[in-house]
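Protein chains in written order, with our numbering: chain A, 1 to 824; chain B, 1001 to 1359.
Each residue gets a CB set at the ideal place from its N, CA and C atoms; glycine is no exception.
What you are looking at is a predicted structure, and each value in this text was computed from that prediction instead of being measured.
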Amino acid sequence: MIRHWGWVLHTLLSHWRRHPLQAGCLLVGLWLATALWTGVQALNSQARESYDRAAELFTGSAQTALVDPAGQPFSQQYFITLRRAGWPVSPMLSGTVELVGVEGTRRLQLTGIEPLTLPGEGTIATQAGDQSQLQAFMLAPGLTWIAGDTLSELGLAAGDTPVLASGEQLPPLHVVDTLPPGMLLVDIGQAQRLLEQTEKLTQLVVAAGFAADLPPLPESVSLVWETRGEDDLVRLTDSFHLNLTALGLLAFVVGLFIVHAAANLAMEQRRGLLQTLRACGVSLKTLLAVLLFELLILALLGGSLGVLSGFALAALLVGDLAASLRGLYGAQVAGQLSLDALWWLTGLGMSLLGTLIAGGGSVLAAMRLPVLAWARPQAWREAQGRMIKRQTVLGVLLLLVAGGLIFWGDSLLAGFGLLACLLLGAAWLLPLCLQAILRVAQLRRGGPVRQWFWADSQQQLSGLSVALMALLLALAANIGVGSMTEGFRQTFTGWLDQRLAADIYVRPLDSQQADVIEKWLNHQPQVHAQLPSWQLDTRVGGWPTQLSGVIDHPLYADTWPLLENAPDPWPQLVAGTGTMVSEQLAYRLDLAVGDTLMLDTPAGVWPLNVLGRYADYGNPKGQMLVSAAGLQQRWPDLPLTSIGILTEPAAAPRIASDLRTEFDLGDSRVIDQAALKAYSQQIFEQTFSATAALNTLTLGVAAVALFTSLLGLADSRLSQLAPLWAMGLRPGQLALLSLAQMLVLAALTCALAIPLGLALAWCLVEVVNVQAFGWRLPWHWFPRQWLLLVLLALAAVLLASIGPAWRIMRTGPARLLRSFTHGA
Amino acid sequence: MVPKWLCALILSSLAACDSSPPTAPAGFAGLGSEAEGFSAVTPGEPLRFPADFAAHPDYRIEWWYVTANLTDEQGKAWGAQWTLFRQAMAPQNEQEAQDGWQSAQVWLGHAGLTHADGHQHADRLARGGIGQAGVRVEPFQAWIDDWSLEGDADGQLSPLQVSAASEGFKYQLSLQAEGPLVLHGERGFSRKSDRGQASWYYSQPFYQVEGEIEWQGEQHKVSGSAWLDREWSSQPLAEDQQGWDWFSLHLHDGNKLMLFRLRSDDGSHFYSGTWITPNGVSEPLDQELITMTPLAQTEVAGRTLPTHWRLQVTGKGLDIEVQALNEQAWMGTGIPYWEGPIKVTGSHTGVGYLEMTGY
């Protein structure tokens, strides 16, 4: 039996030996599909693992803490007071430190903990199991716990004692792998020294059981409860990862088109072979099993290659991804890839599933093959008609679902569903559209060759439609995503110009320094104005929101870009009766201009009229502008956060550098407009570089799909072209005609891809973006970009068609003649 | 609740977080390990009060230990324990020990409340130097979190207020001493082996107690007698000593008795004790005068411990049996041990406390 199987398999596999290119295409398809999908999944799981490490660090996922109402460091004495009152609290001090490494300055989060009182629920508590380690951690010189991946990213080794930008020296580094990336964990006493916050704390962690019903605090302790619901980081970054996933899935689907084309072709060409095998007595069951086995081998081969490349791709992109997540969300993601066995297995599984979907159809079709079948002229026409009808029905159905989702969908998932329905629906309608256009063209009068040209192009559709669909999808996705990215870039740049109106921004260390800086600035003749602002991180309607207090200055009214506003809003804002809200906050809380927002403050509810809505791109949190006086009245201890300085443009660099030297402020505390813009734009570029790379790859995959299809068709084309040769057309003419046919089909597909791409861009901008980020982008047209993409696509098609056309041209009379005897 | 991983920290080389008996070679809870850099306990230097009420950060380990035998309005017997331990991670002088987070002192509080059918306990951990736990002399105050042992007169250990609270139990007791402090061994120098291991050890066994206890929401007025132990050392145990059995007894004839034996691996136990007359005259008891015989064993927390003893002191006419009020008085804290009230019958009657470690 095994021998019998072996022979059948051997016979079937001989096909691939004779058509290595075909085998190559199939494997490439699988390889690309798996690589792109697993690559994206690797990035996502890497990020998720990092968030989990951060979330589980102290008390498991839900964290309740006591903090200063104004978000400032507070006296350690509160910790003692609460402990003496029997409260199970543990002190913590967090801050940012700068470490000058090989690749420039890296900002790291430094957290000081007190291990003896730390509630025993989080990772750290279990981590500290080794008592001698713990003693070393608490006793001078202490230890700096750091994740292994962060350590190697910084180019440091365990035991090192690097010096911070502030001049303070870290305790010896010690690797603890359950720490989140980008974090340094030290004893609370060490943290107070390193952050220069003697006897200060930033929060008190409270044991979860005790914190459950938020007991009232003693009068002498002016702290407030802060509950970090379910993990904020996960919530904020969710949309980012969903976007990546969608892109990965798209690439996977496009890759499967290649597999589908190659598998179909192989089956078509082995039709005779299968019939012979059946005639020789191989049972249908055996044949089915062997064909499936063959697919399995191919899937494993292509899948393994794909998973390996996916890992390489992810490793290549993870640095950018980590940087953009850090910039956008302050989320720390390890820059070094580490993946578990599950990831590898899932990758292979996806590849297997994809192969079955893409190749299973052709296996089933082969099963329905009669043992003895005669070619039936015109059969293709019926078959094609049936297929197009089926696809059209499906396509229309999907577009109807898409329409429904526009009206009734109200989640990000629905947004992606809409995209999927739109793309697949349009792809299935493509053959019908092309056929209709070609029929119209055929109606025009012309010579017999012209008639043949249009009629034959229709016949080609059935063989090429899948590849053309892949082209349509890839091109539309490129146009859609490109439009959105480019539109965002333009909007963002223009918005930055307006928003960053001041020439220099200073963040003083504390209130006293702020006073001194203000006095110093008053004496600088080139300084036109100072715009101090006060910021407070809080929650509004459950959403993390920053309150920003601004003073009365005409610059705001002149430059602050508003999307929508009540008449003459600024005087009301300054008077403390109104607020401007960021677009995303307005969206999340369903606020419209004219609504009243009741803001909870330590001094009671603050009713605020919503006076305007402004764009705040790239900020995952909400933001509200309120009057500085009103803010300070309700949060009296809130220190000044930053001062915007308006100067003579030429004097800005000098004043900035004077500020740095005069007040001993680091680069991150004094920043000029140009540097800030460059930083923002860099984050932006990083965010989209992964998207752009994946997008380009998708287009490449589509070109490969087309090439595979054409390659297969070239052989069967001979029998169709032979009669024309017999009627007197030269092989060269035939080759040119074939090339022209390809270009016409591709050009028509491109023409259809542009409106589809625009529809996609609309969905992205109006539906997905709003759901994911809470902002809407102004609509931009980029005809030049489309033209470039279309030209790129046509060039790819031309490249893919030249080979097969060349073969037609080089075909000798003998082969053409032979095709009459074989044809039929 | 103190995290499990910390349980072993206080006495650094102990490997007894779980329910298995400690097997560390260097004595119970590492108390027999080398104490490099710490002050050694040597005879000669007399104890000074009130200075010696305070902490001695140049020694490695120290405790303030109150045990009280109480009776409520219905005549039901109770036992209460309040303990503050100090452990130094490194030798420090007094000033360094007070220096914020630089302090190498770790404080550990244990509290227990026991009656014949129930026993509850709790523990607390704190760093020294920041005010979360510590001992002050004028007025006397020893505390960790909201548990405290407080005096109201300068430099005196009487009267004292003792309080502790945790989930399920709490107590608030007033202690009034009706006799003098008692120094054990040679004027407070208490030998723990024949090889030089020793501690500084004095007691106040004459407290009369009034107060209130709360057991799972039920309050009771209680009264009785209490005993305070003060002990500090750097290496109180010899390396081969696995643990001890320690008794403090309030006999109804007014005499008080402290007895302990330190158990060696080879069975050659070290015995010591102090006989205290009703007017506070103390007499150290020689090894050979003391006989301690376990009579019955009890399964407690997966171990077998003697909760019923026969104690004899030659020359004092003492031949008694002591029995645990609650045989399950197990302190399942970081360093687990047995500590509970006992009843005395035989030639003398009375009450007291028994502590058994290293089982």
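If you draw a straight line from the alpha carbon of residue 1299(B) to that of residue 197(A), how long is it in whole angstroms?
Within the second sequence, the letter at position 299 stands for residue 1299(B). Within the first sequence, the letter at position 197 stands for residue 197(A). Straight-line Cα distance between these residues: approximately 52 Å.
Ignoring anything shorter than 4 residues, give me the alpha helix (DSSP H) runs that lie fully in the region 253–323 of chain A, in order along the chain. List check, alpha helix (DSSP H) in window: 271–279.
- If I'm right that residue 614(A) touches residue 582(A) with Cβ under 8 Å, what's the distance once you round it to whole angstroms? Locating residue 614(A) in the first sequence gives position 614, counting from the first residue. Locating residue 582(A) in the first sequence gives position 582, counting from the first residue. At roughly 6 Å, the Cβ-Cβ gap stays under 8 Å, so residue 614(A) and residue 582(A) are in contact.
(message) For residue 1286(B), count the other beta carbons within 10 Å of its own beta carbon; 16 or more makes it buried, fewer makes it exposed. Which is it?
(response) Taking the second sequence and counting its residues from 1, one reaches residue 1286(B) at position 286. It is exposed - the Cβ of residue 1286(B) has fewer than 16 other Cβ atoms within 10 Å.
Exposed unless 16 or more other CB atoms sit within 10 angstroms - verdict on residue 260(A): As a working note, residue 260(A) is residue 260 in the first sequence. Residue 260(A) should be labelled buried.
Identify, in the order they occur along the chain, each residue of the same chain with its Cβ nearer than 6 Å to the Cβ of residue 1342(B), setting aside the five sequence neighbours on each side. As a position in the second sequence, residue 1342(B) is number 342, starting the count at 1. So the qualifying residues of the chain are 1322, 1324, 1352 and 1354.
- Using 7 Å as the cut-off, classify the Cβ of residue 303(A) as near or not near the heavy atoms of the ligand PLP, replying yes or no. Among the ligands in the structure shown, none appear at all, so the ligand PLP cannot be discussed.
Quiz item: Counting contacts by CB-CB distance shorter than 8 Å, is residue 117(A) in contact with chain B?
Solution: The residue you call residue 117(A) lines up with position 117 of the first sequence. Interface with chain B (8 Å Cβ-Cβ cutoff): residue 117(A) is included.
ask   = Rounded to the nearest angstrom, how far is the Cβ of residue 1252(B) from that of residue 1072(B), given a contact under 8 Å?
value = Here residue 1252(B) is taken as the residue at index 252 of the second sequence, counted from 1. Here residue 1072(B) is taken as the residue at index 72 of the second sequence, counted from 1. The Cβ separation is near 19 Å, so there is no contact.
Closer than 8 Å by C-beta to residue 85(A): which residues in its own chain qualify, once you throw out the five before and the five after it? Chain order, please.
Stepping through the first sequence from its first residue, residue 85(A) is reached at position 85. Sequence-distant Cβ neighbours of residue 85(A) in its own chain, meaning closer than 8 Å and more than five residues away, are 218.
Next item on the list: Please specify which runs of the alpha helix (DSSP H), each continuous and at least 4 residues long, are wholly inside the region 153–197 of chain A, giving them in chain order.
Entry: The region 153–197 of chain A contains these whole alpha helix (DSSP H) runs: 188–194.
Give a yes or no on whether the C-beta atoms belonging to residue 767(A) and residue 406(A) are separated by under 8 Å. For the purposes of this step, residue 767(A) is identified with residue 767 of the first sequence, where counting begins at 1. For the purposes of this step, residue 406(A) is identified with residue 406 of the first sequence, where counting begins at 1. Yes, the pair counts as a contact, with Cβ atoms nearer than the cut-off.
DSSP on residue 1053(B), reduced to helix/strand/coil?
-> Within the second sequence, residue 1053(B) is the residue found at index 53, counting from 1. Secondary structure of residue 1053(B) (DSSP, three-state): helix.
Next on the checklist: Please confirm whether residue 633(A) has its beta-carbon closer than 8 Å to some beta-carbon of chain B.
Outcome noted: Reading the first sequence from its first residue, position 633 is the one you call residue 633(A). Residue 633(A) has a beta carbon lying at 8 Å or more from every beta carbon in chain B.
Exposed or buried, what is residue 357(A) when buried is set at 16 or more other beta-carbons lying within 10 Å of its beta-carbon? The count along the first sequence starts at 1 and reaches residue 357(A) at position 357. Classification for residue 357(A): exposed.
Let me check understanding here. Comparing Cα to Cα, which of 597(A), 403(A), 410(A) and 748(A) lies closest to residue 423(A)?
On the first sequence, position 423 is the one that residue 423(A) refers to. Checked all of 597(A), 403(A), 410(A) and 748(A); the closest Cα to residue 423(A) is 403(A).
With 16 other Cβ atoms within 10 Å as the buried cut-off, status of residue 155(A): Your numbering for residue 155(A) matches position 155 in the first sequence. By the C-beta density criterion, residue 155(A) is exposed, having fewer than 16 other C-beta atoms within 10 angstroms.
request  = Measure from the C-beta of residue 188(A) to each C-beta in chain B and report whether the shortest distance is under 8 Å.
outcome  = Your numbering for residue 188(A) matches position 188 in the first sequence. Yes - at least one Cβ of chain B is within 8 Å of the one on residue 188(A).
Neighbour flag for residue 1102(B) against chain A, beta carbons, 8 Å: The residue given as residue 1102(B) occupies position 102 in the second sequence. Interface criterion met: the Cβ of residue 1102(B) is under 8 Å from a Cβ in chain A.
Check: By a C-beta neighbour count over all protein chains shown, 10 Å radius and 16 as the cutoff for buried, is residue 820(A) buried or exposed?
Finding: Taking the first sequence and counting its residues from 1, one reaches residue 820(A) at position 820. Counting Cβ neighbours within 10 Å, residue 820(A) comes out exposed, since fewer than 16 surround it.
| What residues from the region 138–163 of chain A come within 8 Å of chain B, judged by C-beta to C-beta, listed N to C? | Within the region 138–163 of chain A, the residues whose Cβ lies closer than 8 Å to some Cβ of chain B are 138, 139 and 140, listed in chain order.
Using the C-alpha atoms, what's the distance from residue 1257(B) back to residue 948(B)? Absent from the model: residue 948(B). The displayed extent of chain B is 1001 to 1359, so no value can be given.
Nearest CA to the CA of residue 469(A): which residue from 752(A), 295(A) and 658(A)? In the first sequence, residue 469(A) corresponds to position 469, counting from 1. The shortest Cα separation from residue 469(A) among 752(A), 295(A) and 658(A) belongs to 752(A).
Helix, strand or coil: which one does DSSP assign to residue 1228(B)?
Here residue 1228(B) refers to the residue found at position 228 of the second sequence. The answer is strand: DSSP assigns residue 1228(B) an E or B state.
**OP:** Indicate whether residue 748(A) and residue 308(A) have their beta-carbon atoms separated by less than 8 Å.
**Re:** Stepping through the first sequence from its first residue, residue 748(A) is reached at position 748. Stepping through the first sequence from its first residue, residue 308(A) is reached at position 308. Not a contact, by the Cβ cut-off of 8 Å.
- Can you tell me where the beta strand (DSSP E) with residue 532(A) in it begins and where it stops? One-based indexing of the first sequence puts residue 532(A) at position 532. That run of the beta strand (DSSP E) goes 527–540.
* **Three-state secondary structure (DSSP) of residue 493(A)** => If you number the first sequence from 1, residue 493(A) lands on position 493. Helix, per DSSP.
Partners in chain B for residue 169(A), counting only beta-carbon separations shorter than 9 Å: Position 169 of the first sequence, counted from the start, is the residue given in the question as residue 169(A). The premise fails here: residue 169(A) is roughly 16 Å from chain B at the closest Cβ pair, so nothing lies under 9 Å.
Report task. With 8 Å as the threshold, decide whether the Cβ of residue 85(A) is near any Cβ in chain B. Result -> Walking along the first sequence from the start, residue 85(A) turns up at place 85. True, the Cβ-Cβ gap to chain B drops below 8 Å.
Q.
Quick test of your reading: residue 27(A) and residue 364(A), contact by CB under 8 Å. State the CB separation rounded to the nearest angstrom.
A. Start at 1 with the first residue of the first sequence, and residue 27(A) comes out as number 27. Start at 1 with the first residue of the first sequence, and residue 364(A) comes out as number 364. Contact between residue 27(A) and residue 364(A) does not hold, since their C-beta atoms are separated by about 22 Å, which reaches or exceeds 8 Å.
Report task. Output yes if chain B places a C-beta closer than 8 Å to the C-beta of residue 682(A); else output no. Result -> Start at 1 with the first residue of the first sequence, and residue 682(A) comes out as number 682. It does not; no Cβ of chain B falls within 8 Å.
In chain B, which residues lie less than 7 Å from residue 80(A) when you measure between Cβ atoms? Start at 1 with the first residue of the first sequence, and residue 80(A) comes out as number 80. Those within 7 Å of residue 80(A) in chain B are 1130, 1131 and 1132.
In the region 1116–1153 of chain B, which residue ranges form an unbroken beta strand (DSSP E) of at least 3 residues, counting only runs that do not cross its ends?
Given a length threshold of 3 residues, each whole run of the beta strand (DSSP E) inside the region 1116–1153 of chain B is given here in chain order: 1118–1127, 1133–1136, 1141–1144 and 1147–1151.
| query | Among 630(A), 657(A), 95(A) and 117(A), which residue has its Cα nearest to the Cα of residue 110(A)? | reply | The sequence position of residue 110(A) within the first sequence is 110, counting from 1. Each of 630(A), 657(A), 95(A) and 117(A) was checked against the Cα of residue 110(A), and the nearest Cα belongs to 95(A).
Measure the C-alpha to C-alpha separation of residue 1350(B) and residue 1284(B) and round it to an integer number of angstroms. For the purposes of this step, residue 1350(B) is identified with residue 350 of the second sequence, where counting begins at 1. For the purposes of this step, residue 1284(B) is identified with residue 284 of the second sequence, where counting begins at 1. It is roughly 21 Å from the alpha-carbon of residue 1350(B) to the alpha-carbon of residue 1284(B).
ask   = Relative to chain A, which residues along the region 1086–1115 of chain B have a C-beta separation below 8 Å, given in chain order?
value = Taking 8 Å as the Cβ-Cβ cut-off against chain A, the residues of the region 1086–1115 of chain B that qualify are 1089, 1090, 1100, 1101, 1102, 1104 and 1106.
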